[in-house]
Each structure stands twice: as C-alpha cells, then as structure tokens.
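Chains as they are written, first to last, in numbering that gives the first Met the number 0: chain A, 0 to 137; chain B, 0 to 137; chain C, 0 to 137.
To start, the structure under review is shown below, and the notes come after it.
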Amino acid sequence: MIFRDELCIATNGRGTYDLSGNVHQLVAASGIETGMCHLFICHTSASLMLCENADPEVMRDLEAFMSRYIPDGDPMFAHTAEGPDDMPAHVRSILTHTDLTLPVSDKKCMLGTWQGIYLWEHRLAPHQRRIVVTVQGE
Amino acid sequence: MIFRDELCIATNGRGTYDLSGNVHQLVAASGIETGMCHLFICHTSASLMLCENADPEVMRDLEAFMSRYIPDGDPMFAHTAEGPDDMPAHVRSILTHTDLTLPVSDKKCMLGTWQGIYLWEHRLAPHQRRIVVTVQGE
Amino acid sequence: MIFRDELCIATNGRGTYDLSGNVHQLVAASGIETGMCHLFICHTSASLMLCENADPEVMRDLEAFMSRYIPDGDPMFAHTAEGPDDMPAHVRSILTHTDLTLPVSDKKCMLGTWQGIYLWEHRLAPHQRRIVVTVQGE
C-alpha cells in the first residue's frame, strides 16, 4: 500500500522548523500499520535533518558550526546570483539531507526519545518549501 | 513482504563498529529475495556509515578529520549539558547518516567489494545503541 | 512490484556527472506509476548528490569547498595506499551520500525544478562506477 501527500512549509528564513507533528499526523492518516515513511524536500537550498529535540541551544550551535565553516559571502564562491547566502545554502544542503526514511510501526514513526524531524532553511529570506511524504507498507 | 527486527549494540565509546555481519544475518533470516534493507539508528549522537572495510587506518583518519573540525570542548558550543563531547556528537551525527537503505538481491545486501556497514559512536562513554532493521520486498 | 537495473558510468576523474537523464529513463522503463526510486553506488570513493542543475559554477564551488577542508595529500591522513587523493575521497564520500531515495509519480521522479541527480567522482583518475537502481511501487 502506498500513501502520498505533501507538506508546504512557509519559512521565515534561515533556521530549523520542527516537522515531527506534521509527519506523525500524515503517517496516522495513511492507515499504514507497518512500513516506511519517506520524506523528500524538492529544493537544493533547504534540507531535512533528524536531531536532538529538547534543547534549543542545539539548533543555535548547529547554526554556529555551519556559519564558521560555510560563511555567507565567502570569496571562494563564484555562484552568487541570488546573494551571499546562495552558494552557502547549497553546500549546507549537500552536507545534510534531501531525503529521510523512517521506520513505521503501529501507525507511528519509530523515532528515538530525543529525535525530532526538522526542515532546515538555509536561505536568509523566507521561502515556501515543499516536502513530498510517502508512506509505504501494510 | 515486510520483515522487521532490531539490533542492540553495546559500544565501548567513540569509534566505529562493523555491523556488516549482523545485517547480512538479518537479511538472510528475512527470507526476502529481492528488495531493500533499511537501517535506522534511534539516536542523535551516534550514526551509520558505509565505508572502506579493509584498512583500519581509514577509521583512524576519519576520527582525525572529525576531531580537527569538530573538537570536543569547542567554546563555540553552548549545549554542553552532557560534557565536552555532547554537541560535537550531534554535529558528527548530522554530517553522517541516521538511516541507510541498501539494495537486496539473492537474500544478500548488494554491497561493493570494499563497502562495510558501520555504527559510528560519537560519544566518549560506552552506550547502548538501538538500530531498527526493515527488509521489504519479494 | 520491484524493478531492478544498474548504471555503469565511466568517469574521467574527479568531478560531477549528471545522471538525471539515465535515472528518468530507467524509471519510465520500470512501468511503475507511483512509488520510490532508490539509487545505490557500490563504492566508497565516489558518491551521489542532488544539487542545483542550472549553473556550472555551483559544481566548481563545491569542488573548491571540498578542496579547502579536505585537501589531497593532507599529512593528517595515514591511509595513502592509492595516493594523496585516496583518503580525501573516502571523507568526501561519507560527508555526501552513498544512497538516495526519490519519490516517483506518473512514472517520473518528483524532482524540484532545480534538482539534478549527480554522481560525484572523488578520485583524480578515471574509474568505472556501478550504481544499482531499484524502483518499487505500483
């Protein structure tokens, strides 16, 4: 059985957005008991991430890490058509994930206690982000 | 057909642990001839990796690389609740993989000659790590 | 329904190779309307990537980024059996992707407008690279 839907997320610019609730709702709606949930973000300047979901400082530290090694406006980058955060957004994207697959059991994603599902917007400006959700199983 | 099981791995602290044998055993036990094997680690401070399986110096070099750019105790990090290796473990985790999907044929994972499946423990102390294994196919 | 095939790509050494056309052809050939397409590269010194497909400077910038932080011949690396680009190729590989899963609808991969599917060869010399393609669905 295959269930397919999409999430459209309006971001307020660079930062992380917790999708765990949205994904859990879609998995429950799919009616699929056991199988896999696949998330795919249709962009190359925003990505998906499973990360610690309890302490907001983790997200701040992740941003600090990315900013240290992939600073906006780095003169190394030639691709600046959309501004100083254009190429850094692509690099952040390829170093994290465009797709995630999560096991499903009892109509729920089998996440660990501290695992949250995040959209990571890498552009400074707000964007509309589209995520294709597929639940496959029995 | 869906087969589901779990691996529980007791680590001795930071380092890599070869799971290839464990995964091959579960794939054979699943009875699935052709399909996919999915591995999911239920943690945010340990990860999964496909890597060269012949020369132990590769693993030492990977640790050296991570330690250079994500050193324990980096003053950039505010999230230090569990010690100087807490936030570095989350960063190492998001830069590698929480889930892997491998093609299955003839009841075996179709790995290349030099590919091994590894759990990478990023915390310094020993931990119990749980990996959900799903084999899906015909 | 499961469709399985392989792509064999002869690279000319380090750089990116657009596989989008090859993958779209195989997905169409599979006859599968709705489901998932999985790509798996059977190597640890070449990887897969979804990335911006319009401006060739993006690929040049990605190479510049990797070369800055993972330079060939770095004295930190002990694993140099196959030359100064041997260990850097493994590091680049673990920081990107060995497998990708893409949603399929109407017999096509549901890629965003700017997303292309790339093989990234990390070794300096030409290599033969093998990619297992699985399409699963209805």
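Just so it is clear, CB atoms sit at the ideal spot from N, CA and C, and this is done for glycine as well.
Please read these numbers as outputs of a predicted model, since none were measured by experiment.
A Cβ-Cβ distance of about 15 angstroms is found for the pair L118 (chain C) and C108 (chain C), leaving them out of contact under the 8 angstroms criterion. Between V57 (chain C) and chain A, the shortest Cβ-Cβ separation is below 8 angstroms. I69 (chain B) is not bridged by DSSP to any residue. Within the segment 64–87 of chain B, the residues whose Cβ lies closer than 8 angstroms to any Cβ of chain C are, in chain order, F64, R67 and Y68.
Assigned with DSSP and collapsed to three states, R122 (chain C) falls in coil, not helix or strand.
In the structure shown, the three-state DSSP call for E32 (chain B) is coil. The continuous beta strand (DSSP E) containing S46 (chain C) extends over residues A45 to E51.
Closest option to R91 (chain A), judged by alpha-carbon separation, among A:L99, A:R67, A:K106 and A:W113: A:R67.
The residue from B:G111, B:H126 and B:M58 with its alpha-carbon nearest to that of F76 (chain C) is B:M58.
Close partners of H42 (chain B) in chain A (Cβ separation under 8 angstroms): G111, W113 and Q114. With a threshold of 8 angstroms between beta carbons, F39 (chain A) makes contact with chain C.
Around the C-beta of M0 (chain C), fewer than 16 other C-beta atoms lie within 10 Å, and the residue is accordingly described as exposed.
Closer than 8 angstroms to the CB of L94 (chain C) there is at least one CB belonging to chain B. The straight-line gap separating the alpha-carbon atoms of L110 (chain A) and C41 (chain B) is approximately 6 angstroms. At a cut-off of 8 angstroms between beta-carbon atoms, C36 (chain B) makes no contact with chain C. Under the DSSP assignment, P102 (chain B) falls in the beta strand (DSSP E) whose first and last residues are D98 to S104.
For L94 (chain B), there is no enclosing beta strand (DSSP E); the enclosing alpha helix (DSSP H) covers residues D85 to L94. Three or more beta-carbon pairs drawn from the segment 29–44 of chain B and the segment 126–133 of chain B are found closer than 8 angstroms, and the two stretches are therefore classed as touching. Rounded to the nearest whole angstrom, the C-alpha separation of V26 (chain B) and A63 (chain B) is 33 angstroms.
Spanning the alpha carbons of G12 (chain A) and P55 (chain B) requires a straight line of approximately 43 angstroms.
Residue range I1 to A9 is occupied by the beta strand (DSSP E) that includes A9 (chain C).
Minimum Cα-Cα distance from D105 (chain A) among the listed residues A:G34, A:T15, A:L6 and A:G14 corresponds to A:G34.
R128 (chain A) has A:I8 as its beta-bridge partners, per DSSP. In this structure, the alpha-carbon of H89 (chain B) lies about 29 angstroms from that of Q135 (chain B). Taking CB atoms only, Q135 (chain A) has a neighbour in chain C less than 8 angstroms away. Judged by their CB atoms, G115 (chain B) and D4 (chain B) are not nearer to each other than the 8 angstroms cut-off. The alpha-carbon separation between T95 (chain C) and C50 (chain B) amounts to approximately 12 angstroms.
The alpha carbon of E81 (chain B) has as its nearest neighbour, out of B:Q24, B:G20 and B:H121, the alpha carbon of B:H121. In this structure, the beta-carbon distance from I93 (chain B) to M48 (chain A) falls below 8 angstroms.
Residue pairing from DSSP leaves L18 (chain A) without any beta-bridge partner. In this structure, P83 (chain C) and D98 (chain C) do not form a Cβ contact; the two beta carbons are roughly 28 angstroms apart against a cut-off of 8 angstroms.
In the three-state reduction of the DSSP assignment, H78 (chain A) falls in the coil class, being assigned neither a helical nor a strand state. L38 (chain B) sits in a strand when the DSSP states are folded into three classes.
Residue contact check for R3 (chain C) against chain B: a CB pair falls below 8 angstroms. Annotated as proximal: N52 (chain C) and S19 (chain C), with beta-carbon spacing under 8 angstroms.
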